Amino acid sequence: MKDTLHMNTMLIGLLGHPIKQTYSPFIYNMAFDINKLDFIYLPFDVPASNLRNAIKGIIALGIAGFNVTIPHKVNIMQLLNNVSEDAAVVGAVNTVVNDQGKLSGYNSDVYGILKSLEKYKNVLIGQEMTVLGAGGGARAVVYTLIRYFKPAKINLINRTEQKAEALKTYFSEKMKFDDFKCYELFPPNLVEILQNSKLIVNATPVGMFPESDDAIISIEKSFHKEQIVFDLVYNPTKTKLINIAAKQGADVINGLPMLVNQASKSFELWTGETMPVESITRSLELFIGH
Ligand code: NAP
């Protein structure tokens, strides 16, 4: 962490409410240090009713940029001058650049997801895929899959089936993709759906610390060795789902590459520099510690 602040130290903020445990200050402040950039990253607890005022303050103070998290990812869009194509179609912004009072919004989660799946791109294209969850993370995943992996079919499984249906309707309209099948957790044919899926993504918080003994799927023979299982949860780094899927032979990806790579895209937007992704990932693994 920075020990000296200067007249021209650049501030980057995180706006959310409530600001729960976040690794963002750890990631960015370390990256600023490594790259010897005179920047500092600070979280601000901003309730929804105060977002507009917070944005006015950011412009007045010349704050260089900021991340937004729950509950601002959608509402921020109406306060921006520009929104990137990815962010507009996903329907959420998580990164904003302030260029002398002109605010541009981006969704760096899409890049984080794409980088996490990069090495599997060729085997995933055109395949059947399953996404568990229908919240903000699932929305970015579904967009990325449709846009970059041209799935044969996406199974959307969610605790509240109407939310899966709403996601389906949204993307059918926005992206002209209709090959969705929606289910409520847990459909009777769950194992069959999973077995037929080349990629299975957990976009629910199930298994997240401190409920690390939970797994959204813990049934025998759900996974096999021709599959990729991607768990968005990054704390713990080896979730119970990751352990079960690996034991059943699947290739597994945890939430860390998404977390660090989405941060690297935001870092680049604010600083114009490349974030040291590998050393940040190693430090984060040590910091999370399990
Ligand atoms: P969110 O918008 O609140 O959505 C949560 C989703 O999970 C909803 O669909 C919800 O179902 C479902 N859910 C919640 N609790 C559940 C439970 N006990 N059993 C079954 N389903 C449950 O959250 P989010 O932002 O998408 O985040 C989801 C997870 O992804 C979190 O663990 C988050 O840390 C992780 N994430 C990681 C990254 C990364 O960079 N690696 C990025 C984004 C998110 P209902 O619709 O029924 O409420």
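Just so you know, the sequence shown maps onto residues 6 to 295 in this note's numbering. C-beta atoms are modelled at their ideal positions from N, C-alpha and C, and glycine is treated no differently. This structure is a prediction, so every number in the text was calculated from the model and none was measured.
- Assignment of beta-bridge partners to residue 70 by DSSP yields 17 and 102.
- Counting only the Cα atoms, residue 43 lies some 33 Å from residue 214.
- In the three-state reduction of the DSSP assignment, residue 283 falls in the helix class, which pools H, G and I.
- Between residue 89 and residue 263 the beta-carbon gap is near 18 Å, outside 8 Å, which marks them as no contact.
- Here the residues close to the ligand NAP, judged by CB distance below 6 Å to any of its heavy atoms, are 114, 117, 138, 139, 140, 141, 142, 143, 163, 164, 165, 168, 190, 208, 209, 210, 211, 213, 237, 238, 239, 260, 263, 264 and 267 in chain order.
- Contact fails between the segment 200-218 and the segment 169-188, because fewer than three Cβ pairs, one in each stretch, are under 8 Å apart.
- Residue pairing from DSSP places residue 107 in a beta bridge opposite 104.
- Taking residue 253 as the centre and dropping the five residues before and after it, the same chain places the C-beta of 228 closer than 6 Å to its C-beta, in chain order.
- Setting aside the 5 residues that flank it on each side, residue 46 is surrounded in the same chain by 17, 30, 33 and 34, each with a C-beta closer than 6 Å to its C-beta; the list follows chain order.
- Straight-line measurement puts the Cα of residue 162 at about 5 Å from the Cα of residue 188.
- The closest CA to that of residue 72, considering only 94, 61, 99 and 53, is found on 99.
- Counted as a single uninterrupted DSSP element, the stretch harbouring residue 206 is not any alpha helix (DSSP H) but the beta strand (DSSP E) occupying residues 204-207.
- Per DSSP, the unbroken alpha helix (DSSP H) holding residue 176 starts and ends at 166-180.
- When the beta-carbon positions are compared, residue 265 and residue 286 come within less than 8 Å of each other.
- By the Cβ-count criterion, residue 25 is exposed, with fewer than 16 other Cβ atoms from all chains shown falling within 10 Å of its own Cβ.
- In the structure shown, residue 219 falls within a coil segment according to DSSP collapsed to helix, strand and coil.
- Per DSSP, the unbroken alpha helix (DSSP H) holding residue 196 starts and ends at 195-200.
- Annotation for residue 33: the continuous alpha helix (DSSP H) segment containing it runs 29-39.
- Residue 48 has 19 as its beta-bridge partners, per DSSP.
- If you draw a 10 Å sphere on the C-beta of residue 199, you find 16 or more other C-beta atoms in it, and that means buried.
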